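Undergrad: Each residue of the sequence shown is one higher than the one before, starting from 7 at the first, in my numbering.
Have a look at the structure that comes next, please.
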Amino acid sequence: MNNTVLNHPYTPVALRDINDKITAQLADISTADFSEINRLIKERDTVIRAHLSQVHGGAKEAFANHELDVNNKLRDLARNLRDSTKDEVTRLVRGKAAIKKYK
Numbered sequence: 007m008n009n010t011v012l013n014h015p016y017t018p019v020a021l022r023d024i025n026d027k028i029t030a031q032l033a034d035i036s037t038a039d040f041s042e043i044n045r046l047i048k049e050r051d052t053v054i055r056a057h058l059s060q061v062h063g064g065a066k067e068a069f070a071n072h073e074l075d076v077n078n079k080l081r082d083l084a085r086n087l088r089d090s091t092k093d094e095v096t097r098l099v100r101g102k103a104a105i106k107k108y109k
């Protein structure tokens with residue numbers, strides 16, 4: 007997951023710091039702190055909204071378009087993580103049921 011790039015040319019410094027923290031969390035999914043990722047994503051949203059209220063014209067549109075791409079990337083990543091976790095839980099439940107069956 008370390009190829010996740012969340013920054014773009016219009017990323018302000020405060021948002022870049024948050025994005026770097028998210029990317030670091032996603033570098034190794036086995037040790038990721040999902041509550042921390044969730045907190046960072048909420049903080050990210052706050053920073054984006056504040057930044058959008060401060061910029062105008064073409065810069066605002068360019069920033070918003072780039073952030074839309076980043077948001078879609080994060081959404082897809084979250085869906086993939088959810089699906090893989092769901093599959094893992096399903097395998098564990100089936101394995102547990104099989105063990106009970108053979109006891």
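For every residue, glycine included, the Cβ atom is placed at its ideal position computed from N, Cα and C.
Note that the structure is a prediction, hence the values are computed from the model and not measured.
With a threshold of 7 Å between beta carbons, is D75 in contact with chain C?
TA: As a matter of chain content, chain C is missing from the structure shown, which is built from one protein chain.
Undergrad: Given this structure, state the Cα-to-Cα distance separating V113 from R55, to the nearest angstrom.
TA: Given that the chain is displayed from residue 7 to residue 109, the structure contains no residue 113 and the question cannot be resolved.
Undergrad: Just curious, the alpha helix (DSSP H) that H14 is in, first and last residue?
TA: On the sequence shown, position 8 is the one that residue 14 refers to. From DSSP, H14 is part of no alpha helix (DSSP H); its letter is neither H nor E.
Undergrad: Using the Cα positions of F69 and V11, report the straight-line distance between them to the nearest angstrom.
TA: On the sequence shown, residue 69 is found 63 positions in, with the first residue counted as 1. On the sequence shown, residue 11 is found 5 positions in, with the first residue counted as 1. Computed Cα separation, rounded: 15 Å.
Undergrad: Straight-line CA distance for N77 to A84?
TA: Position 71 of the sequence shown, counting from 1, holds the residue named residue 77. Position 78 of the sequence shown, counting from 1, holds the residue named residue 84. Looking at the two C-alpha atoms, the distance is approximately 10 Å.
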